[in-house]
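Step one of this worksheet: look at the structure below.
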Amino acid sequence: MSTNTSTNTDWERIHAHPKFTELHDRKSRFLWSLMAISVFYYFLLPIGAGYFPAWFAIKIWGPLNVGLLFALSQFLVAWGIAFVYARRANGEFDALAESLKREFQEVQS
Amino acid sequence: MSAAALTQTRVSRGLAPGAGLAVGLLAATPAMAAGAVAPEFKWLTFLVFGLIIAATMFVTYLAARRVKSTAQFYAAGRSVTGIQNGWAIAGDYLSAASFLGIAGLISLYGYDGFMYSVGWLVAYITVLLLIAEPCRNIGKYTLGDILAFRNDPKKAKTVAAISTITVSIFYLTAQMVGGGVLVKTLIGIDYEVSVIAVGVLMLAYVVFGGMVATTWVQIIKAVLLVVASLLLVFFTWLPYGFSLPAFLQAVVADPGVQAQVSKLIGDTAAGMSTSELGQRFLEPGLYLKSPIDQISLGLALVLGTAGMPHILMRFFTVPTAKDARTSVLWAMAIIGGFYILTLFLGLGAAIHVGATKISSIDAGGNMAGPLLAQYIGGGADSMLGNLFLAFVAAVAFATIVAVVAGLVLASASAMSHDLWVGVIKGARATPAQEVRAARISSVIVGMVAIAIGILAKGQNVAHLVALAFAVAASSNLPAVLLTLYWKRCNTTGIVLGMTVGALSAIGLVMVSPNMTYPDAVRATNQPLVAAKQEAIANAERALIAVPESARATLAASIARLTGERDVAQAKLDAVAGQSTSLVGLKAPLIGLRNPGIISIPLGFLFVFLGSLFVRERRSLEKWEELYVRQNTGLHAEGASAH
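In structure tokens:
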């Protein structure tokens, strides 16, 4: 797996670098909370449909009921989470990772 | 066609026991052996099929000239853009089961069908947040490469390859059998011929064009699928001024929908008004009866997608982790948008085609989309209607071929890259040797797929898709996730966790209600055959008495009854002389159809236990490197020049 370049890199030093610790801390907190929200929101659907069907049957707008709106909201929430993640990853996380990469690739060469 | 001619056709086709294909979601009644497309329009279907096949073959020809290196064959030279890969992921993922199956479920059961589709999209959140970028950063070509990074390479690659091949074969079997039935139902060519056609075409893409051709076939298919669905939804929704409540009102007010609901809920329908019956179609509980099974399936989808080897492989085709991210975003937009369209396709088919007609051609509702296309184009006797039908049928065919190609490529890579090069040759093989090995592996897997497809004719394979996801979620995902995010994870952990996860998922399904229990089959189908037989006899007596003008309807109902009788009879014949299920049980041991809720925690638990019991130096030493690389993309495999 490891190529020549990778064995020369001091991975432990990067791992302990404050910039990396910062990237890691911010990223994991963000990722796992988004993941938790997503899983929680998704499982409300089968739980609601299975155990609270009367709520799902409440009509809101003509024949459009809570169940249908909730199912449609699942799409918006999934897209929303993806969008929020992508925005932060494309900006903040990528910038941090880039600056780390620049620092250590320069040291090597 | 007169009654006599109808019966004649059926008899001459020799509907011997077993000819009735009962294939779970994709069940075709023998009465429609001639196909959904009328014979006089068949040329149109073949023309559209031919055009699509020609386009994909041309792409394969272009790709074949480029595919020389391993990076080209397995990963399309890592030069696929994020947007292209997003379309390819959608093309890889939207199988016939989701394209035809979910629209069909919505057309027959309303709300529950739509609810079923949500999990397939939410699954990509796991892929996006936890899997895509790290795998792109540390992986090379296969699941085995990811697991071998900090674990014992030979052991990790062996277990990853076995798991990849198992998951892919389950999924592949469902696709091959489903595809064979589908093509037969649509255009009436023999089941075996359709299976071989799907297999040979797919092999041509994979063997000659590797990942490059597979990617483009998947992109073409996804674009066709989205265009076809958008067109159908546009014309379905247009008469209601694109208003959602107005469209739903038409569903609620439709007598066919109301009749279907009253058929589904039985006695409870007695006190309900027609509008209440119609409204019930938009409420949960007509199809999915067991919430715990639903939750278990949801868990398998949300975690299993991220462990699907053919999905993981797609992330090695893009140049950077950022492109991997972009590809999931595009895939989520396409897949989610598509599933919202299926709501309109399904409900549209429920109004315009009707549950009775849909389920008379295919009990699982798979023909809802194609029949809606026929209706929108002007009906069964019109040129445009049949052109639309042919187009949707060809898209369905392309769908199966594209999904199968992705699966075969994933298992062939596991065979050649992980097992042959990684384990047997000890990573000493020239690129030319490896590409040749990969091509040979593809042919082997392809032949196996064709053989299984033919052998499994008439078997109930619908649960194999759910099983594939359950195994991926219980075996691959815990191993990948913990290798990426948990310092103490090691070889013993992943070998133990993957084995226990996979075996428990498979074992639980073997003792579940998914299997065929001969006594239960007899208990339901014997009375059914007798009842249908009696109804047929009555109708045949009536046929002599009624005037000429009324005969056509009566003949049609005889044909339908005979079809239903033959399906039930075929189920009886399939279990003749047997008294226990495949594993020797008279009745299921557990009530759960989807094993995920038990097997996924088991998979995680045993990765933990194995890792904690044994200490391994390599796994710990490589942790910093893995963790830095997966987060930063330092020294990630770059795009190859060709």
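So the protein sequences, as listed, match chains A and B.
Take any residue in the first sequence, note its place counting from 1, add 6, and you have its number in this note's numbering.
Take any residue in the second sequence, note its place counting from 1, add 8, and you have its number in this note's numbering.
No residue lacks a Cβ here, since even glycine has one placed at the ideal position from N, Cα and C.
None of these values were measured; they are calculated from a predicted model.
Going by C-alpha positions, arginine 158 (chain B) is about 16 angstroms away from histidine 643 (chain B).
In this model, alanine 563 (chain B) and glycine 264 (chain B) are separated by some 21 angstroms (Cα to Cα). For the pair of segments examined, the region 78-96 of chain A was found to touch the region 131-151 of chain B: the number of CB pairs separated by less than 8 angstroms reaches three. The secondary-structure analysis by DSSP pairs asparagine 159 (chain B) with nothing; it has no beta-bridge partner. In the three-state reduction of the DSSP assignment, lysine 65 (chain A) falls in the strand class, which pools E and B.
In the displayed model, asparagine 93 (chain B) falls within a helix according to three-state DSSP. Between valine 269 (chain B) and valine 203 (chain B), the alpha-carbon positions lie close to 36 angstroms from each other. For alanine 547 (chain B), the enclosing alpha helix (DSSP H) stretches over residues 526-553.
One finds His21 in chain A with Cβ atoms closer than 7 angstroms to the Cβ of tyrosine 635 (chain B), taken in chain order. The residue among B:Cys143, B:Tyr525, B:Leu492 and B:Leu108 with its C-alpha nearest the C-alpha of valine 400 (chain B) is B:Leu108. Neighbourhood of tryptophan 67 (chain A) in chain B, by CB distance below 7 angstroms: Pro253, in chain order. Put simply, the CB of glycine 97 (chain A) is far from chain B, with every gap to its CB atoms at 9 angstroms or more. Interface annotation, asparagine 484 (chain B): not in contact with chain A, CB-CB separation never under 9 angstroms.
The beta carbon of isoleucine 303 (chain B) sits closer than 9 angstroms to some beta carbon of chain A.
Around phenylalanine 36 (chain A), the same chain offers Tyr91 and Arg94 as residues with beta carbons nearer than 8 angstroms, after the five sequence neighbours per side are excluded. When Cβ-Cβ separations below 9 angstroms define contact, glutamate 28 (chain A) makes no contact with chain B. Of the residues B:Thr172, B:Ser419 and B:Tyr82, the one whose Cα lies closest to the Cα of alanine 481 (chain B) is B:Thr172. Runs of alpha helix (DSSP H) with 4 or more residues, each lying fully within the region 438-491 of chain B, are found at 439-463 and 470-479, listed in chain order. Straight across, the Cα-Cα distance linking glutamate 572 (chain B) with leucine 472 (chain B) is about 25 angstroms. In the structure shown, asparagine 522 (chain B) falls within a coil segment according to DSSP collapsed to helix, strand and coil.
Note on glutamine 287 (chain B): 16 or more other CB atoms within 10 angstroms of its CB, so buried under the neighbour-count rule. Residue contact with chain B for proline 24 (chain A): absent (no Cβ-Cβ distance below 9 angstroms to any residue of chain B).
Residue burial is scored here from C-beta neighbours: phenylalanine 346 (chain B) has at least 16 other C-beta atoms within 10 angstroms and is therefore classed as buried. Secondary structure of leucine 294 (chain B) (DSSP, three-state): coil. The region 591-606 of chain B makes no contact with the region 391-409 of chain B: fewer than 3 CB pairs, one atom from each, lie closer than 8 angstroms.
Note that the region 519-530 of chain B does not touch the region 538-545 of chain B; fewer than 3 beta-carbon pairs, one per stretch, sit closer than 8 angstroms. For asparagine 71 (chain A), DSSP records a beta bridge to A:Lys65. Secondary structure note for tyrosine 383 (chain B): its alpha helix (DSSP H) is the uninterrupted segment 376-385.
With a cutoff of 9 angstroms on beta-carbon distance, valine 241 (chain B) and leucine 353 (chain B) are scored as near each other. Distance from the CA of isoleucine 303 (chain B) to the CA of isoleucine 462 (chain B), rounded to the nearest whole angstrom, comes to 33 angstroms.
Among the CB atoms of chain A, one or more fall inside 9 angstroms of the CB of methionine 123 (chain B). Shown here, arginine 436 (chain B) sits in coil according to DSSP, grouped into three states, outside any helix or strand.
When CB distances to chain A are screened at a threshold of 7 angstroms, not a single residue of the region 592-617 of chain B falls below it. Per DSSP, reduced to three states, the secondary structure at valine 189 (chain B) is helical. The alpha-carbon of methionine 455 (chain B) is positioned some 14 angstroms away from that of tyrosine 213 (chain B). Contact annotation: aspartate 16 (chain A) and lysine 330 (chain B) have beta-carbon atoms that are not nearer than 9 angstroms.
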